[in-house]
Every structure is written in C-alpha cells, then in structure tokens.
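For what it's worth, the working numbering labels the leading residue of the sequence shown as 60, then goes sequentially.
Every residue, glycine too, gets a C-beta built ideally from N, C-alpha and C.
To start, the structure under review is shown below, and the notes come after it.
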Amino acid sequence: MIASTFGDGQVAYSILWFFLFFIEVWLAISIFIDIFRSHDLPGWAKAAWVIFVILLPLIGILAYFIFRGNQMRAHQIQGSQAQEDFARHWMAGRPSMADEISKLVDLKNSGVITEEEFERMKAHVTSQAADTGSKP
C-alpha cells in the first residue's frame with residue numbers, strides 16, 4: 060500500500076502541497092468571479108485575464124492581485140452592500156408575525172373566519188415565522 064511506504068515527512072509534504080493547490084484553485088475561482096463581476100473591464104480584457112490566469116496560474120493570480128486588487132476589494136464591498144440592501148428591502152415589506160395574528164383576530168371577531176380557520180391560519184403563520192427565523 061502506498062500509505063505504508065510513505066514516511067512521516069512525505070505525508071506532511073503531500074498534505075502541504077494539497078493545501079497549496081487548494082488555495083491556488085480557491086484564488087483562481089475568486090478571480091474569475093471578480094473578472095465577470097467587473098463592469099469596468101471590456102470583454103477582450105476579461106478574456107485576456109481569464110486566459111492569463113488559466114495558462115500561467117501562479118503568475119496570473121499574482122498579477123491580478125497587483126494590478127486589480129483594489130478593484131477586487133471594491134467589488135466585494137459593493138456586492139455585500141447590494142445583498143444587505145436586498146435583505147433590508149425584503150424585510151421592510153414583510154409584516155411581522157404579531158401584525159398577521161392581529162389581522163386574523165380582527166377577521167375572527169368580525170365573523171369572516173371561524174374559530175377553526177383562525178387556529179389553522181395562526182398555526183400556519185407561527186410555523187412560517189419559525190421556518191424563517193423571525194421573532195414574534
């Protein structure tokens with residue numbers, strides 16, 4: 060077996076190279092994401108960067124960080140702000156669980172829904188709130 064023929068140093072050396080390869084792949088994927096997210100790069104420049112990173116991975120990754128590192132960080136900040144804005148907008152239009160239950164109580168008191176329908180709808184509202192993690 061291969062594992063029995065490896066010494067301790069060879070195993071550690073192999074693990075080191077595996078993690079270095081993993082980091083290189085991770086960085087390349089991050090760069091590809093940034094390249095295609097960049098609105099300031101024309102199409103031919105995007106293609107050139109992709110080819111450069113694929114053909115000469117280590118040099119291409121380092122060159123991208125040197126020449127476009129600041130823009131890469133700016134794109135990450137813009138992306139996180141866009142996600143926060145989307146979440147804030149999505150949550151702003153959503154009624155709270157207390158509001159929904161108070162509307163159900165009003166419907167029950169006005170006779171629009173029966174007691175059984177009220178309990179079923181209330182259970183549905185509370186289960187949705189539990190699924191989404193919102194607080195009462």
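| query | result |
| --- | --- |
| Inter-stretch contact (C-beta, 8 angstroms, three-pair minimum) for the region 101–118 and the region 129–148 | no |
| Those runs of the alpha helix (DSSP H) which lie wholly inside the region 101–159 and span at least 4 residues | 102–114 and 116–151 |
| Alpha-carbon spacing of Lys-162 relative to Val-171, whole angstroms | 11 angstroms |
| Rounded Cβ spacing between Ile-85 and Ile-94 (contact assumed at less than 8 angstroms) | The sequence as given places Trp at residue 85; Ile does not occur at that position. About 15 angstroms separates the two Cβ atoms, so there is no contact after all. |
| Leu-166 to Ser-139 span [Cα, whole Å] | 41 angstroms |
| Proximity winner among His-148, Lys-105, Ile-74 and Asp-99, relative to Ala-133 (alpha-carbon distances) | Asp-99 |
| Residue range of the unbroken alpha helix (DSSP H) whose run includes Ser-73 | 67–96 |
| Span separating the alpha-carbon of Ile-110 from that of Leu-79 | 21 angstroms |
| Neighbourhood of Arg-19 by C-beta, 7 angstroms cutoff - its chain only, sequence neighbours within 5 removed | With the chain represented from 60 up to 195, any question about residue 19 goes unanswered, as that position is not in the structure. |
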